[in-house]
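To start, the structure itself, in structure tokens.
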Amino acid sequence: MSQLSAPQIRRRKRRNGAEPIVMVTAYDEPGARYVDAAGVDMILVGDSVANVMLGHEDTMHVSVEEIAHHVRAVCAARPSAHVVADLPWLSYHVDRADTVRNAATLIRAGASSVKLEGGRVRVEMITALVDAEIPVMGHLGLTPQSVLAFGGFKVQGKTREAAKMLVEDALALEAAGVYAMVVEGVPSEVGRWITEATSVPVIGIGAGADTDGQVLVFHDLLGMSNRTPAKFVRQYADLGAAITEAVSRYTADVRGGHFPGPDETYATPPELLD
Ligand code: KIV
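Going by the numbering used here, the sequence shown opens with residue 298, and the numbers climb by one from there.
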């Protein structure tokens, strides 16, 4: 299967009969290999790497070079899924040239598009990226890079005015040329309104069931997270417990003299014993 391109994803609107888009994060070669084998449409090398892989409290402690490092690892799996990379905080806030150069670093690391957070205030930078032929995904709602400005991880769009602003932001992103957008942490009706208002696909995370696709973080989905899962997470496996159980058995075997056994040991050639 060949990788879905940004223009192909742009056409994946459910109201036009398309199947929901499936996106999941991955940060390294094995992760990308496993999720790609499951047939996902898109792999997001998210700045959530800061939380789930590097142990930070928020996503603001990761650089372009660190994301590029993880993009290279993901792309080493040669996934069939489209690889989109997060532009980290402050990599697209300063000026157009800086934004394009930072996005180019992620594209040259192997990503096929980039994602950035924010509404109408990002239109200038989105235009600069689109002018540089770099496909851009937007991200609205509970944008994790705004956690300090929001005063915490808080559901967005809870008043009529805030919901209206989000719909207007979505339309501004679409007009600026994003090929799709993530909408995170909003009431389900707001997820539906944004999806209905826009002609590019809306990929939800905590945005209800009516969006054009869904995204989850790898470690949340697989039960390997170091944080209390958000309400919108469905955990499909308990790999964290499975890893601890397997390594405990290994520990007991080593300490009890049961590992390695004859099957895990190279035979000694007879002449060495003479
Ligand atoms: O970095 C990330 O994992 C994300 C998802 C929450 C959409 O941006």
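Where is the CB? At the ideal position from N, CA and C, for every residue including glycine.
Remember, predicted model here, so these are calculated numbers, not experimental data.
Best match in the options for proximity to residue i [C-alpha to C-alpha]
{"i": "Val464", "options": "Trp490, Ala394, Val530", "result": "Trp490"}
{"i": "Ala425", "options": "Ala394, Ala347, Val444, Val361", "result": "Ala394"}
{"i": "Met320", "options": "Asp571, Ala378, Ala303, Ala459", "result": "Ala378"}
{"i": "Gly416", "options": "Met350, Val475, Val391", "result": "Val475"}
{"i": "Tyr389", "options": "Gln442, Ser496, Ile502", "result": "Gln442"}
{"i": "Ala374", "options": "Arg311, Arg457, Tyr331", "result": "Tyr331"}
{"i": "Pro484", "options": "Ala406, Ala408, Gly501", "result": "Gly501"}
{"i": "Lys412", "options": "Lys455, Thr525, Asp383, Gln300", "result": "Asp383"}
{"i": "Val342", "options": "Thr322, Gly314, Val359, Glu421", "result": "Thr322"}
{"i": "Arg531", "options": "Asp550, Ala543, Gln511, Glu430", "result": "Gln511"}
{"i": "His436", "options": "Ala406, Pro385, Thr456", "result": "Pro385"}
{"i": "Ala408", "options": "Gly553, Gln300, Thr525, Thr541", "result": "Gln300"}
{"i": "Pro327", "options": "Ala370, Arg457, Ala469", "result": "Ala370"}
{"i": "Val427", "options": "Arg552, Gly448, Ala473, Phe447", "result": "Ala473"}
Beta-carbon proximity list for residue i, same chain, < 7 Å, skipping 5 on both sides
{"i": "Thr492", "result": "Val499, Asp507, Thr508, Asp509"}
{"i": "Pro376", "result": "Ala329, Asp333, Ile340"}
{"i": "Leu580", "result": "In the structure as shown, the chain begins at 298 and stops at 571. Residue 580 is therefore absent and cannot be evaluated."}
{"i": "Ala459", "result": "Gln453"}
{"i": "Phe529", "result": "Ile502, Gly503"}
Rounded C-alpha distance that separates residue i from residue j
{"i": "Cys372", "j": "Val380", "result": "8 Å"}
{"i": "Val368", "j": "Thr548", "result": "33 Å"}
{"i": "Glu362", "j": "Glu414", "result": "18 Å"}
{"i": "Asp338", "j": "Ala477", "result": "13 Å"}
{"i": "Met462", "j": "Asp325", "result": "36 Å"}
{"i": "Pro559", "j": "Arg546", "result": "18 Å"}
{"i": "Ala365", "j": "Val433", "result": "16 Å"}
{"i": "Leu351", "j": "Leu569", "result": "48 Å"}
{"i": "Ser522", "j": "Leu513", "result": "12 Å"}
{"i": "Phe357", "j": "Thr565", "result": "First, the residue type needs correcting, since residue 357 is Met and not Phe in the sequence shown. Cα to Cα, the separation comes out at about 54 Å."}
{"i": "Phe515", "j": "Asp571", "result": "55 Å"}
{"i": "Gly488", "j": "Asp344", "result": "22 Å"}
{"i": "Arg419", "j": "Val479", "result": "14 Å"}
{"i": "Ala429", "j": "Arg405", "result": "13 Å"}
{"i": "Glu421", "j": "Ala400", "result": "14 Å"}
{"i": "Lys455", "j": "Ala539", "result": "39 Å"}
{"i": "Leu403", "j": "His353", "result": "21 Å"}
{"i": "Gly314", "j": "Arg308", "result": "10 Å"}
{"i": "Val359", "j": "Pro567", "result": "56 Å"}
{"i": "Asp550", "j": "Arg398", "result": "52 Å"}
{"i": "Ala335", "j": "Gly554", "result": "38 Å"}
{"i": "Lys241", "j": "Glu542", "result": "Lying before the first or after the last residue shown, residue 241 is absent from the chain, which here runs from 298 to 571."}
{"i": "Arg312", "j": "Gly505", "result": "16 Å"}
{"i": "Phe556", "j": "Val544", "result": "12 Å"}
{"i": "Ser410", "j": "Ala469", "result": "19 Å"}
{"i": "Val349", "j": "Arg457", "result": "33 Å"}
{"i": "Glu486", "j": "Glu561", "result": "57 Å"}
Contacting residues, own chain, Cβ-Cβ under 6 Å from residue i (five flanking each side not counted)
{"i": "Leu518", "result": "Tyr533"}
{"i": "Asp355", "result": "Val444"}
{"i": "Thr495", "result": "Ala467, Glu471"}
{"i": "Thr396", "result": "Tyr389, Met422, Ala425"}
{"i": "Pro304", "result": "none"}
{"i": "Ala347", "result": "His353, Thr356, His358, Val359"}
Cutoff 8 Å; reference residue i; Cβ partners in own chain excluding five residues on either side
{"i": "Phe450", "result": "Leu439, Pro441, Val444, Gly482, Ala527"}
{"i": "Leu536", "result": "Leu519, Gly520, Met521"}
{"i": "Ile306", "result": "Ile318, Asp338, Met339, His379, Tyr476, Ala477, Pro498"}
{"i": "Glu316", "result": "Arg309"}
Minimum length 3: unbroken beta strand (DSSP E) runs contained in the segment 411-480: 433-438
Mind listing which residues have their beta carbon within less than 7 Å of any non-hydrogen atom of ligand 1? Chain order is fine. Thr322, Leu341, Gly343, Asp344, Ser345, Thr356, Asp383, Lys412, His436, Pro441, Val479, Glu481, Ile502, Val512, Val514
Unbroken stretches of the alpha helix (DSSP H), 4 residues or longer, contained in the segment 477-509: 485-494
Which parts of the segment 508-568 are runs of the beta strand (DSSP E), unbroken and 3 residues or longer, counting only runs that do not cross its ends? 510-513
Inside the segment 324-359 only - beta strand (DSSP E) runs reaching at least 3 residues: 339-342
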